[in-house]
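Colleague:
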């Protein structure tokens, strides 16, 4: 009968153990593009323009409204059993993920929640049919709220890749509005998801 343990592993030289841990971590490929889900409003946040912001004019009080990808729900969670093998494996794994830019969020029960942050140069933001109009009109609605009404506000978003279901193109929304470059100035790629749609409740791993 095949054994599931290797009792001699702890006696290997540390360098060899670390190399084995590192090799086991390569399967997670944190630099591959993934889908992030638009689930709710609240990512558009106003704040004063600074000198480094586009549209800034010295001497004027100006506002910018930014799409904060760090406020997206943590859908792209990595399930890493290696983190719970032993202390050495946990230390090596967490250090490796930090180097890859993965967020490590300690949980009350002692677990480490590993979250892949949105990377504009790689990842796409997916708006389902049920959420698309909410995603599309949120900037306009936010500009009409009392704290911003009547003000000159510059909209900024680093999101360059948008994914939508094919059903969007069979609705009442004009194709020229998918998406609107007025508040997605870095938009370059539109992905159309055909047939079964990704669901953010399917499993905790990343959608690729």
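Residue numbers (UniProt numbering): 1 to 208.
Glycine included, C-beta positions come from ideal geometry on N, C-alpha and C.
Decide if residue 37 is buried, meaning its Cβ has at least 16 other Cβ atoms within 10 Å, or exposed.
Modeller: Burial call: buried.
Colleague: Can you say whether residue 144 is buried or exposed, counting buried as having 16 or more other CB atoms within 10 angstroms of its CB?
Modeller: With fewer than 16 other Cβ atoms within 10 Å, it is exposed.
Colleague: Would you check if the distance between the CB atom of residue 76 and the CB atom of residue 140 is smaller than 8 Å?
Modeller: Cβ atoms of residue 76 and residue 140: not closer than 8 Å.
Colleague: Can you give me the C-alpha to C-alpha distance between residue 151 and residue 188, rounded to a whole angstrom?
Modeller: Using only the alpha carbons, I get a separation of about 28 Å.
Colleague: Rounded to whole angstroms, what's the CA-CA distance from residue 50 to residue 18? Just pull it up for me.
Modeller: Distance between the alpha carbons of residue 50 and residue 18 is about 44 Å.
Colleague: Applying the 10 Å Cβ sphere with the 16-neighbour rule, what's the burial state of residue 79?
Modeller: The residue is exposed, with fewer than 16 neighbouring Cβ atoms inside 10 Å.
Colleague: Could you please give me the residues that DSSP links to residue 77 through a beta bridge?
Modeller: Looking at the DSSP assignment, residue 77 forms a beta bridge with 115.
Colleague: By DSSP, does residue 149 sit in helix, in strand, or in coil?
Modeller: The answer is coil: DSSP assigns residue 149 none of H, G, I, E or B.
Colleague: In whole angstroms, what is the alpha-carbon distance linking residue 119 and residue 15?
Modeller: Residue 119 and residue 15: Cα-Cα distance of roughly 32 Å.
Colleague: Assuming the contact rule is C-beta atoms closer than 8 Å, residue 95 and residue 191 should be a hit. Round their C-beta distance to whole Å, please.
Modeller: That pair is no contact at about 33 Å.
Colleague: My assumption, with CB atoms under 8 Å, is that residue 164 sits in contact with residue 67. Please give the rounded CB distance.
Modeller: With 8 Å as the limit, residue 164 and residue 67 do not qualify as a contact, their Cβ atoms being about 16 Å apart.
Colleague: Which ranges would you report for the alpha helix (DSSP H) in the region 26 to 61 if only whole runs of at least 4 residues count?
Modeller: Runs found: none.
Colleague: Between the C-alpha atoms of residue 167 and residue 161, what's the straight-line distance to the nearest angstrom?
Modeller: Cα to Cα, the separation comes out at about 18 Å.
Colleague: What number of angstroms, rounded off, separates the C-alpha of residue 111 from the C-alpha of residue 56?
Modeller: Between residue 111 and residue 56, the C-alpha separation is close to 44 Å.
Colleague: Report the rounded CA-to-CA distance for residue 155 versus residue 9, giving the unit in angstroms.
Modeller: Spanning the two alpha carbons is a distance of roughly 55 Å.
Colleague: When the Cα atoms are used, what is the spatial distance from residue 84 to residue 48?
Modeller: Approximately 44 Å, taken between the alpha carbons.
Colleague: Given residue 203, which residues of its chain have a CB within under 8 Å of its CB, disregarding the five upstream and five downstream residues?
Modeller: Residue confidence is low: residue 203 scores 47 on pLDDT, short of 50, so the model does not pin down where it sits. Its coordinate-derived value is still stated next. Within the same chain, residue 203 has no close Cβ partners at all.
Colleague: Quick one: measure Cβ to Cβ for residue 63 and residue 193, integer angstroms, because I've assumed they're closer than 8 Å.
Modeller: Residue 63 to residue 193, Cβ: 34 Å. No contact.
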